[in-house]
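One structure below.
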Amino acid sequence: MTLIIVNFIKQHVETVPMKAAVIHELGTVPKYEDFPDPVPVDGEILVTMKAAPLTNLSKSRARGSHYDSYKQLPAVCGVDGVAVTSGGERLYCGGCRPPYGTMAERTVVSRAWCFPLPDGVDDVTAAAVPNAVLSSWLALEYRAKLRQGEKVLVLGATGNAGKGAIQVAKYLGAGRVVAAGRNEHALSALPGLGADSVISLSQSDQALAEAFAREAPFDVIIDYVWGHPAEVLLRALTGHDLKAEPTPIRYIEIGAMAGPNASVPSEALRSVGLELSGGGGGSVSRETIVAAFPKMWDLAISGKLRVDVERVPLAEVESAWQRQGTAGRRLVFVP
Ligand SMILES: NC(=O)c1ccc[n+]([C@@H]2O[C@H](COP(=O)([O-])OP(=O)(O)OC[C@H]3O[C@@H](n4cnc5c(N)ncnc54)[C@H](OP(=O)(O)O)[C@@H]3O)[C@@H](O)[C@H]2O)c1
């Protein structure tokens, strides 16, 4: 009798489709609907999702504007999140095989992109932290090799990643952090996160260039906006013959909220020893990312990292996806 009941439940569960945030066409908003349950193949694990963040990466993949956008549709949205295995292990994970994603009740994740999650950080916060914090951590520690006391400029500092960058820069030993952003109200709160001064991007090009020039030279620039603000900054950084800075400016381009392109004046490259590079999933080795995780969790658990998160039921994905004015606060879906 018990065996009959167990088999009935197994068959029933296997045929009930899971709920997920599904897109059928690039550029549309995902809907909360049924999607076939994933079945893991070699190198993958089936996990039950607990929380998945709504990042700009997830949005731009769904828009079709990211270099890693969907090639196969329909697909489940979401690239990362917190999940549990059938054995009860809590993980931060990603690397879902298309068409699966993390904004779902269940997904399949690559074993290579599963990171054990320590106690002391709740599911929703843990889902929000890596995207907001790792981009600047990897850029500052591994790409720029930030030295104690150096001056860091964060461009696009009012967003989730920018606010993370201010805190990470201070934690890693920056002497002075200058935060530049567009939203005046959000900007005024950044000294509370460790910014030593702020620059408004909402001013004329000339006034903005002067503001950058007053704070220059910078040792490291972490840029989440690119586009026109980056062009104004690059022009403002252009230096002089015979007056070299002792160390190059390490400029790391990470996001493109103000536009995918920016023209780089040749003088900026010649006159200030500018080292221009980028930071993203495809430009950093997996080993480097793996090494950064425990340090990032330690910081999150220490209570020194402030991230603004909002828990949203996955069933509300369609309206949450279109919500305006959430820059700086990470929405996290909970199935
Ligand atoms: N490569 C990576 O590893 C990585 C990791 C994380 C994030 N990113 C990228 O970094 C960017 C920011 O991510 P996020 O999570 O911080 O996003 P977010 O929380 O949504 O914040 C967006 C930020 O961009 C600013 N912004 C938007 N449009 C702008 C414009 N036209 N001019 C100037 N500022 C503008 C916003 O300013 P307001 O406050 O004024 O709206 C806000 O500071 C995104 O492009 C994201 O894809 C990349």
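Anchor point for the sequence shown: position 228 equals 1167 in this note's numbering, and the numbering is continuous, going up by one each time. Beta carbons: idealized from backbone N, C-alpha and C, even for Gly.
Closest in C-alpha terms to residue 1012, from the list 968, 961 and 971, comes 961.
Across the structure, residue 1097 and residue 1139 are spaced so that their CA atoms are roughly 10 angstroms apart. Per DSSP, the continuous alpha helix (DSSP H) segment holding residue 1209 begins and ends at 1205-1210. Rounded to whole angstroms, the gap between the alpha carbons of residue 1256 and residue 1202 is 37 angstroms. The residue among 981, 1094 and 1040 with its C-alpha nearest the C-alpha of residue 1000 is 1040. If you draw a straight line from the Cα of residue 1112 to the Cα of residue 959, it comes to about 42 angstroms.
The beta carbon of residue 1135 lies closer than 8 angstroms to those of 1115, 1116 and 1117 in the same chain, with the five residues before and after it left out. With distances taken between CA atoms, residue 1037 lies nearest to 1009 out of 1157, 1009 and 1023. Collapsing the DSSP output to three states places residue 1163 in coil.
DSSP links residue 974 through a beta bridge to 957. Within its own chain, the residues whose Cβ lies closer than 8 angstroms to the Cβ of residue 1045, once the five positions on either side in sequence are excluded, are 957, 976, 977, 985, 986, 987 and 988, listed in chain order. Under the three-state reduction of DSSP, residue 962 is assigned to strand. The C-beta separation of residue 1159 from residue 1189 comes to about 5 angstroms, placing the pair in contact by the 8 angstroms criterion.
Residue 1015 sits away from residue 1261, with the two beta carbons spaced by 9 angstroms or more.
Burial check for residue 1022: the Cβ neighbour count within 10 Å reaches 16 or more, so the residue is buried.
Inside the segment 1021-1066, DSSP marks whole beta strand (DSSP E) runs of 3 or more residues at positions 1029-1033, 1045-1049 and 1053-1055, from first to last along the chain. Between residue 991 and residue 1043, the gap from beta carbon to beta carbon is short of 9 angstroms.
Of the heavy atoms belonging to ligand 1, at least one sits nearer than 8 angstroms to the Cβ of residue 1121. Nearest in C-alpha terms to residue 1200, of all of 1212, 1177 and 1192, is 1192. Annotation: the continuous beta strand (DSSP E) that includes residue 988 extends over 983-992. Measuring C-alpha to C-alpha distances from residue 1221 to each of 1106, 1005 and 966 identifies 1005 as the nearest. If the five residues before and after residue 1123 are omitted, its C-beta is found closer than 8 angstroms to the C-beta atoms of 1139 and 1141, all from its own chain and listed in chain order.
For residue 1233, the enclosing alpha helix (DSSP H) starts and ends at 1225-1241. Looking at the backbone, the Cα of residue 1058 and that of residue 1019 are separated by about 19 angstroms. Residue 980 sits exposed, since fewer than 16 C-beta atoms from the chains shown fall within 10 Å of its C-beta. Residue 1080 has its alpha-carbon roughly 33 angstroms from the corresponding atom of residue 1263.
Rounded to the nearest whole angstrom, the C-alpha separation of residue 1025 and residue 1274 is 17 angstroms. Distance from the CA of residue 971 to the CA of residue 1254, rounded to the nearest whole angstrom, comes to 6 angstroms. Per DSSP, the continuous alpha helix (DSSP H) segment holding residue 1147 begins and ends at 1144-1154. Restricted to the segment 1064-1142, the beta strand (DSSP E) segments that are unbroken, complete and at least 3 residues in length are 1090-1094, 1115-1120 and 1136-1139, listed in chain order. Contact check for residue 1171 and residue 1147: beta-carbon distance about 5 angstroms, within the 8 angstroms limit, so the pair qualifies. Judged by DSSP secondary structure, residue 997 falls within the alpha helix (DSSP H) whose first and last residues are 995-1002. DSSP places residue 1202 in the coil class of the three-state scheme, outside both helix and strand. For residue 1256, the enclosing alpha helix (DSSP H) begins and ends at 1256-1260.
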